[in-house]
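The opening residue of the sequence shown carries number 2 in this note's numbering; numbering runs sequentially from there. All C-beta atoms, glycine included, are put in the ideal place defined by N, C-alpha and C. Here the structure is a predicted model, which is why all the values come from computation and not from measurement.
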Amino acid sequence: MQYISTRGGIDPVPFTKAVMMGLADDGGLLLPRTIPRIGSDTFGQWKDLSYPKLAFEIMSRFIDDIPGTDLRDIISRSYATFDTEQVIPIIHQGPLHIMELFHGPTLAFKDVALQFLGNIFEYLLEKDDSVMNILGATSGDTGSAAIYGVRGKERINIFILHPHKRVSKVQEKQMTTVTDSNVFNIAIRGTFDDGQAIVKAIFNDLDFKEKQHLGAINSINWARVLAQVVYYVHACLHISSHENDKATDFSVPTGNFGDIFAGYIAKRMLPEGTIRKLMLATNSNDILSRMVSNGDYSLGDVVATSSPSMDIQSASNFERYLYYLLDKEPNRTNQAMMQFAETGEINLTDFKDQIQRDFITEKATEEDVSTCIRDFYKQYGYIMDPHTAVGVHCALKHQEKGIPVCCLATAHPGKFGDTVEAAIEKPLELPDSIAVLMEENRESRCELMDADRNDIQEFVKKHSKHNC
Numbered sequence: 002m003q004y005i006s007t008r009g010g011i012d013p014v015p016f017t018k019a020v021m022m023g024l025a026d027d028g029g030l031l032l033p034r035t036i037p038r039i040g041s042d043t044f045g046q047w048k049d050l051s052y053p054k055l056a057f058e059i060m061s062r063f064i065d066d067i068p069g070t071d072l073r074d075i076i077s078r079s080y081a082t083f084d085t086e087q088v089i090p091i092i093h094q095g096p097l098h099i100m101e102l103f104h105g106p107t108l109a110f111k112d113v114a115l116q117f118l119g120n121i122f123e124y125l126l127e128k129d130d131s132v133m134n135i136l137g138a139t140s141g142d143t144g145s146a147a148i149y150g151v152r153g154k155e156r157i158n159i160f161i162l163h164p165h166k167r168v169s170k171v172q173e174k175q176m177t178t179v180t181d182s183n184v185f186n187i188a189i190r191g192t193f194d195d196g197q198a199i200v201k202a203i204f205n206d207l208d209f210k211e212k213q214h215l216g217a218i219n220s221i222n223w224a225r226v227l228a229q230v231v232y233y234v235h236a237c238l239h240i241s242s243h244e245n246d247k248a249t250d251f252s253v254p255t256g257n258f259g260d261i262f263a264g265y266i267a268k269r270m271l272p273e274g275t276i277r278k279l280m281l282a283t284n285s286n287d288i289l290s291r292m293v294s295n296g297d298y299s300l301g302d303v304v305a306t307s308s309p310s311m312d313i314q315s316a317s318n319f320e321r322y323l324y325y326l327l328d329k330e331p332n333r334t335n336q337a338m339m340q341f342a343e344t345g346e347i348n349l350t351d352f353k354d355q356i357q358r359d360f361i362t363e364k365a366t367e368e369d370v371s372t373c374i375r376d377f378y379k380q381y382g383y384i385m386d387p388h389t390a391v392g393v394h395c396a397l398k399h400q401e402k403g404i405p406v407c408c409l410a411t412a413h414p415g416k417f418g419d420t421v422e423a424a425i426e427k428p429l430e431l432p433d434s435i436a437v438l439m440e441e442n443r444e445s446r447c448e449l450m451d452a453d454r455n456d457i458q459e460f461v462k463k464h465s466k467h468n469c
């Protein structure tokens, strides 16, 4: 399996090089040259597999340069950190199936990919007797999940940028109370989009990237998308066994486009009709919803909401979908992304029909989110976080009679306690891992900096890990 850039400026590389490269050297994103197809017989044979065994069956089709025994061990260690043997439970609540992706160490869906990615990095660095300095930006959950994925790993330092006072208190504490010597938290005076732009600019300095052994852990890293593909297949197997092999719709809270893009890949892999529709659910930061509705992919101002991990206008994974939308033509993709960098917009009205075959969409206002949390709790006794509520709101609007819908529950409600408690009008019972974070006098470590690319690049240089 070879990996290519969406912009066509690099030679194909194997998985191990793709995962270490993160962002392609031409500024594009990496994709497999072909998407493996899963036949109906093979799909049926997977129905009784444990989650780690299913993950191996899927990932090994994309990874042929890590021995199978080693890959199995990496996968097994990655999901041993979850608090349930199921890894990802799927429960039936009211008219919906809810896939709980928050049973990892930081209680967010990003643990599914980042526990795996941290172990992949460690494995490859030991093989090469090398080091890595991870640089990433977070809108909330990526930062803590990335930090927990690599904390204490001898060959890795990690630098995570988050927007100052624009993440939840729990998200902030999950990052800043990790005091391992290889972890560096940076709060920037700005938005997530500012942080993401700084990270991309630093990665595009190829000399600096090489000298500082930079690695990417944001959703631009293909390994994260691959890890997320697995749980769509897991859900399809579970639901088809309970719903007489019916096709499944998925409702996905969407900000950076990585999670729903994993669903898009899964849909292309699986037997035709296994996944019917992908519902792209956004909050008030609706660039992606506008793109689906009328082909308008244009920047707006970032609006702070109760679902901060989705407070994004520039979706870093969108380029991967754009590549397929433009018939896998790297020159057209490159031109479109250069235009977006210059003007803040790409006109996709000519592609609206195709986009609407791939996705349907709905935007949830703050009132919609609060109402959804409250009403779903009153009716079914199930408590969800505000990001999940965005997806559930979309699902309830678009569900068709007789069609099962799986909603991705992306975070534990305790991570957003203030919003949830206000909606359900009762206190939440916090998991022990969150209660401990909120203790007074808990040691923390974080640098507050301006959103200045040069200052942050100098900080990374000063604290980078180097080969002996």
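{"query": "Supposed contact pair residue 385 and residue 410 - C-beta distance, whole angstroms, cut 8 Å", "result": "6 Å"}
{"query": "Exposed unless 16 or more other CB atoms sit within 10 angstroms - verdict on residue 131", "result": "exposed"}
{"query": "As assigned by DSSP and simplified to three states, the class of residue 308", "result": "coil"}
{"query": "Among 427, 389, 446, the one whose alpha carbon lies nearest that of residue 102", "result": "389"}
{"query": "Contact check, residue 357 vs residue 293, beta carbons under 8 Å", "result": "yes"}
{"query": "Identity of the residues DSSP links to residue 190 by a beta bridge", "result": "451"}
{"query": "Coarse secondary structure for residue 383, derived from DSSP in three states", "result": "coil"}
{"query": "Nearest neighbour of residue 36, chosen from 193, 258, 269 [CA to CA]", "result": "269"}
{"query": "Assumed close pair residue 450, residue 187 - CB separation to whole angstroms, cut-off 8 Å", "result": "6 Å"}
{"query": "Residues near residue 34 by beta carbon distance below 8 Å, same chain, minus five either side", "result": "2, 3, 4, 5, 13"}
{"query": "Which residues DSSP lists as bridging residue 252, in chain order", "result": "280, 408"}
{"query": "Residues bridged to residue 94 [DSSP beta-bridge criterion]", "result": "97"}
{"query": "Residue 205 classed as buried or exposed, judged by whether at least 16 other C-beta atoms fall within 10 angstroms", "result": "exposed"}
{"query": "Contact check, residue 275 vs residue 236, beta carbons under 8 Å", "result": "no"}
{"query": "Residue 424 - DSSP class collapsed to helix/strand/coil", "result": "helix"}
{"query": "Through-space distance from residue 39 to residue 285, alpha-carbon basis", "result": "37 Å"}
{"query": "Which residues DSSP lists as bridging residue 163, in chain order", "result": "188"}
{"query": "For residue 77, the residue or residues it bridges with in DSSP", "result": "Partner(s): none; residue 77 has no beta bridge."}
{"query": "Other residues of its chain near residue 290: CB distance less than 6 Å, five sequence neighbours each side excluded", "result": "283, 362, 364"}
{"query": "DSSP-derived helix/strand/coil call for residue 180", "result": "coil"}
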